[in-house]
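Residue numbers (this note's numbering), protein chains in the order written: chain C, -7 to 338; chain D, 5 to 593. Shown next, in structure tokens, is the structure this report addresses.
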Amino acid sequence: MDGTILLFLLQDGITNGAIYALLGIALVLVFAVTRVIFIPQGELVAFGALTYALLEAGKVPGTVWLLAGFGLLAFVFDVVAAARERALARRLAKAVLIDLAIPGALVAATLAVAGRELGSGAHFALTLALITPLGPLLYRVAFQPIAGASILTLMITAVGVHLALVGLGLVFFGAEGLRAPAVSDLMVTIGPMLVTGQSLAVYAVATVAIVALWLFFDRALWGKALRATAVNRLGARLVGIRTGFAGSLAFALAALVAALSGVLIAPMTTIYYDTGFLIGLKGFVAAIIAGLASYPLTALAALGVGIVEALASFFASDMKEIIVFMLIIPVLLWRSLKHTHVEEED
Amino acid sequence: MNPRRAFLLLVVVLVLVPLVPGVPIFWITLLGNVGLAALVAMGLVLLTGVGGMTSFGQAAFCGFGAYATAVLTTAWGWSPWAALPVSLAVSGGAAVVLGLITVRLSGHFLPLGTMAWGLSLYYLFGKLDLLGRHDGLSGIPPLEIAGHALTDPRAVHYVIWIAVIAAGVLTTHLLDSRIGRAIRALRKGQIAAEAFGIDAARTKLIVFVWAALLAGLSGWLYAHVQRTVTPAPFGLNAGIEYLFMAVVGGSGQIWGAIVGAGLVTLMKEALQRIVPALFGNAMQLEGVVFGIVLVALLQVAREGLWPHLARFVPGRPRTAPAEAAPLARRMLGAGDTSRPLLVLEAARKQFGGLIAVNDVSFKVGRGEIVALIGPNGAGKSTTFNLITGVASLTSGTVKFDGAVISGTSPQVIAGRGVARTFQHVKLEPEMTVLENVAMGAHLRGRSGVLASMLRLDRRDEGRILKEAATQIERVGLTEHMTKPAGSLALGQQRVVEIARALAMDPELLLLDEPAAGLRHFEKEALADLLKRLRAEGMSVLLVEHDMGFVMGITDHIVVLDFGTKIAEGPPETIKTHPAVLEAYLGGAA
């Protein structure tokens, strides 16, 4: 092996690593606010990629029906919950707006736009608009009713959501893989390396997203309020934080990041309805290495995962996945030993 | 219907089903699949529901069992029966290795760890030439009994269900024993369990290995029923499905595993028939339905279905035998009576910049009641944690009966005869008062896993339960003996903790706010009990805020404020000590 191959592998690893970083920070974000280990994040990425690819191909993506379906379901949940608390009159308007009107408008817009070749920019924006609301709707239906449950229960729920979404992905997107056309043919020569415009876009988006989230959660009062929700829901409510809203916001941000990652990878590789899980799990490995807590560490760990994967696929391609997933075990062990568990007194 | 009859009914039905003429073979095969899944789910119920360790990787252990026998019987020509011990050894051995890594993980890191190795092993199965890579191994011989190949699903049915019933009985026995109490105590946290000498890591490993053995057995059976093995049934999705079965049945209920396995298997079968009929093609909608049902179940019936079914077969809680030979007792005051029992020498605990316990020294003599008092946040409970080994000292030493105990583990300290209660009650709320107290006598029993499973522990167990009953009677809670501990008032739960500590037959009793939440006459009864214990030679160290209670029974008082000892002496001196008045009343007096 010579330097060129090594450089090539490194570049490949860093590009994949940047995508894993986006996934990882979304997982950290959701966990920090809601204590949900959001296993289906990968599915949202795949849905984003497929939506963008279908729009580019001039078709109506199945996402619209998925969105409409989840909207209806969330509406039922909201109406039942409001009726139980005898607050139907007060909350009906809001439920109609959020669960029916917004998804409805997006469906209508997509149906109107699809096939008119409005260009990548419009498709990109539409993809973000279609995927982002899925986050809060999922939260409303699956997680909000048991928001106070243990991390473990929330995690098993997340696995349930993952199963359902993979199945729904097959229904709405079919079994065939899709790949979007490249956004630009830009090629930049940096020293001995040839970097595609696509890769540069990945680096830029990942960097901006990570820095923005980090600043928001570590510096802004709002971000701190969101984090307080995870630590103690009751306490957060008492000091005036609306915990339900905090959860919705976290899931919306996560879905937005997923849509972004989806659009970024759509031209780089063929995406199937079930591709998301494996990509998501690699984001997970990074998030877990960083203890599900730190954005910069998650990003670093994600780059590490990407590079290890690239090297492994060259030197031991058979063992690639095994090596990547086994990375997590020593880290978990180290964390468990270092962090002598103090049982919470509740 | 009582549980014994329900169990007999189950057995009779299982025996008769294949004999009824006209029952389609297909149904028998399906029932066999239920049995295979139930074996795995049963282990998972024990692991997740009882032991509090969620595993998504259980299917991998089936893989170990299945591949081990597949290789031995196809490439090496072994008979399936000869391969069985190897299958179990491979699954069990893998569980020991993975368990040593995994059970140390805390909280949600544990299930994530199982996901990681579950996924890795799946890929490994598919990459190894020895295991036929993605195509797997085929041509595996069927089971044989006395020269007859068991290729008929009816014959296989009996083999599978004998295994399931045997596994269920052994597991139920295991749970209803000394080791079982230790397993059940782990779910709510390890601190209480370790305070009574239970080795939490070892107990978890036992559960982990037993669950893996059941999965390995299922894998071995699967290989000889299907006659071919591929990696797919041992992947992460299968692992999730097994967990789903455990949740549906009711995590925590051994027999619920059969219900869960049955429902999920039937649902899967039904979906595979209905979906193509509805949509024209064989789309895999199982995932969608499973996912939705799982999410819905966690929202509306988190405890699963078994508790609802169990109402029809009410069991009787375990009671203590009327007669049992008493357990051997510790000789109180057997050590060197000239030196004090417990000595703290400049004990110090720092959390970062905060000094919670600042070079505190004091002694507890034999047959003495000593109180540790001080305002909130004075470091009293931390001092308790330093003595019992829950927290480690930053500097200084703790000596018990002349030997240094600081730096050892809670189990070791418990073994020396130091028993404690907790400021925040740490009982297992769903276990009865009797069982909770019996946990205190854990170190006084000997029976291990095998003896428990085979019910060779009944004499030992009877003596433990009898001892527990005696202690409950002693603290005046006889009428509550068979109630769930969580149903008692908080004050009574504190008294249950005292009974549990007494069941250890301690030489030193540490009580953290024992009188909190007690009514006046209950406090008097507690004071009388402590005085009697002292008369018997036991030493007591207590933290308490009720000054009337403290002054009335103690021989010696140690006062802490902001982690520092500000005074000590007999009650009369402390009452008028200026530093104490300053700390409590802010110098106004």
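Using N, Cα and C, we set each Cβ at its ideal position, and we do this for glycine too. This one's a predicted model, so the numbers in the text were calculated from it and none came from an experiment.
- Item | Buried/exposed call for residue 180 of chain C, threshold 16 Cβ in 10 Å | Result: exposed.
- Task: Specify the secondary structure class of residue 487 of chain D as computed by DSSP and reduced to three states.
- Result: Coil.
- Message: Let's test the definition: count the other Cβ atoms within 10 Å of the Cβ of residue 593 of chain D and tell me whether it reaches 16, buried, or not, exposed.
- Response: Low local confidence applies: a pLDDT of 44 at residue 593 of chain D is under 50, so the model's placement there is unreliable, and no value is given.
- Residues bridged to residue 112 of chain D [DSSP beta-bridge criterion]: Residue 112 of chain D is bridged by DSSP to nothing; it lacks a bridge partner.
- Task: Could you work out which residue in C:159, C:18, C:129, C:235 is closest to residue 275 of chain D when comparing CA atoms only?
- Result: Checking every option, the nearest Cα to that of residue 275 of chain D belongs to C:159.
- Helix, strand or coil at residue 333 of chain D according to DSSP, with G and I counted as helix: If DSSP states are grouped into helix, strand and coil, residue 333 of chain D belongs with coil.
- Item | DSSP bridge partner residues for residue 7 of chain C (one or two, in chain order) | In the DSSP output, where bridge partners are listed per residue, residue 7 of chain C has none listed.
- Message: Between the stretch 99 to 114 of chain C and the stretch 20 to 27 of chain C, can you find at least three pairs of beta-carbon atoms closer than 8 Å?
- Response: Output reads no: the stretch 99 to 114 of chain C does not touch the stretch 20 to 27 of chain C.
- Task: Give the C-beta separation of residue 376 of chain D and residue 562 of chain D to the nearest angstrom, bearing in mind that I take them to be a contact with Cβ-Cβ under 8 Å.
- Result: Taking 8 Å as the upper bound for CB-CB distance, residue 376 of chain D and residue 562 of chain D are in contact here, some 5 Å apart.
- Query: Is residue 327 of chain D buried or exposed, if buried means 16 or more other CB atoms sit within 10 Å of its CB?
  - Reply: With fewer than 16 Cβ atoms within 10 Å of its Cβ, residue 327 of chain D is classed as exposed.
- Task: Please check if any C-beta of chain D sits within less than 8 Å of the C-beta of residue 8 of chain C.
- Result: So no, residue 8 of chain C is outside the interface.
- Query: Using a C-beta to C-beta distance shorter than 9 Å, which residues of chain C count as neighbours of residue 346 of chain D?
  - Reply: Here the premise fails: no neighbours, minimum Cβ distance about 24 Å.
- Query: Can you name the residues of chain D whose CB is closer than 9 Å to the CB of residue 145 of chain C?
  - Reply: For residue 145 of chain C, the C-beta contacts it makes with chain D under 9 Å involve 302, 306, in order along the chain.
- Item | the ligand COA heavy atom lying under 7 Å from the CB of residue 165 of chain D | The ligand COA is absent from the structure shown, which contains no ligand whatsoever.
- Does DSSP put residue 152 of chain D in a helix, a strand or coil? Correct three-state label for residue 152 of chain D: strand.
- Short check: CB of residue 398 of chain D to CB of residue 227 of chain D, under 8 Å? Result no, Cβ atoms of residue 398 of chain D and residue 227 of chain D do not sit closer than 8 Å.
- Does the distance from the C-beta atom of residue 65 of chain D to that of residue 324 of chain C stay below 8 Å? Taking 8 Å as the cut-off, the Cβ atoms of residue 65 of chain D and residue 324 of chain C do not count as close.
- For residue 115 of chain C and residue 34 of chain D, the rounded distance between their alpha carbons: Cα to Cα, the separation comes out at about 49 Å.
- So which of D:272, D:482, D:556 has the shortest CA-CA distance to residue 1 of chain D? The requested residue 1 of chain D does not occur in the structure, where chain D is confined to residues 5 to 593.
- Task: Please report the Cβ distance between residue 366 of chain D and residue 345 of chain D, rounded to the nearest whole angstrom; I am assuming they are in contact, meaning their Cβ atoms lie under 8 Å.
- Result: Wrong, their Cβ atoms sit about 12 Å apart, outside the cutoff.
- Hey, does residue 26 of chain C have any beta-carbon neighbour from chain D nearer than 8 Å? Cβ-Cβ to chain D under 8 Å: no for residue 26 of chain C.
- Item | Residue-level contact to chain C via CB, residue 524 of chain D, 8 Å cutoff | Answer no: the Cβ-Cβ gap between residue 524 of chain D and chain C never drops below 8 Å.
- In the DSSP assignment, find the unbroken beta strand (DSSP E) run with residue 351 of chain D in it and report its ends. Segment 346 to 355, the beta strand (DSSP E) holding residue 351 of chain D.
- Measuring CB to CB, does residue 125 of chain C end up less than 8 Å from residue 59 of chain C? Yes. Within cutoff.
- Could you confirm whether any beta carbon from chain D is found closer than 8 Å to the beta carbon of residue 47 of chain C? No, because no Cβ of chain D sits closer than 8 Å to the Cβ of residue 47 of chain C.
- Message: Less than 8 Å between the C-beta atoms of residue 151 of chain C and residue 244 of chain D, yes or no?
- Response: A contact, by the Cβ cut-off of 8 Å.
- Task: Between the Cα of residue 354 of chain D and those of D:380, D:389, D:374, D:373, spot the shortest distance and give me the residue it belongs to.
- Result: It is D:389.
- Per-residue burial, residue 6 of chain D [other beta carbons within 10 Å of its own, 16 or more giving buried]: Exposure of residue 6 of chain D is indicated by the presence of fewer than 16 other C-beta atoms within 10 angstroms of its C-beta.
- Item | Reduced DSSP secondary structure (H/G/I, E/B, other) of residue 428 of chain D | Residue state, collapsed to three classes: coil.
- Query: If you pair each beta-carbon of the stretch 107 to 121 of chain C with each one of the stretch 222 to 234 of chain C, do three or more pairs fall below 8 Å?
  - Reply: By the criterion of at least three beta-carbon pairs nearer than 8 Å, the stretch 107 to 121 of chain C is not in contact with the stretch 222 to 234 of chain C.
- Task: Spell out the partners DSSP gives residue 127 of chain C in its beta bridges.
- Result: Per the DSSP secondary-structure output, residue 127 of chain C pairs with nothing in a beta bridge.
- Item | alpha helix (DSSP H) segment containing residue 508 of chain D, residue limits | Taken as a continuous stretch (DSSP letters only), residue 508 of chain D belongs to no alpha helix (DSSP H), as it is neither H nor E.
- Cut-off 6 Å between Cβ atoms - residues of its own chain near residue 280 of chain C, not counting five sequence neighbours on either side: Within the same chain, residue 280 of chain C has close Cβ partners 320.
- Query: Comparing alpha-carbon positions, which option in C:258, C:203, C:220 lies nearest residue 39 of chain C?
  - Reply: Considering only alpha carbons, the answer is C:258.
- Query: Can you list the residues of chain D that residue 219 of chain C reaches, using a CB-CB cut of under 9 Å?
  - Reply: In chain order: nothing, as chain D lies at least about 17 Å away.
- Query: What separation, rounded to the nearest whole angstrom, lies between the Cα atoms of residue 11 of chain C and residue 194 of chain C?
  - Reply: Cα-Cα distance, rounded: 7 Å.
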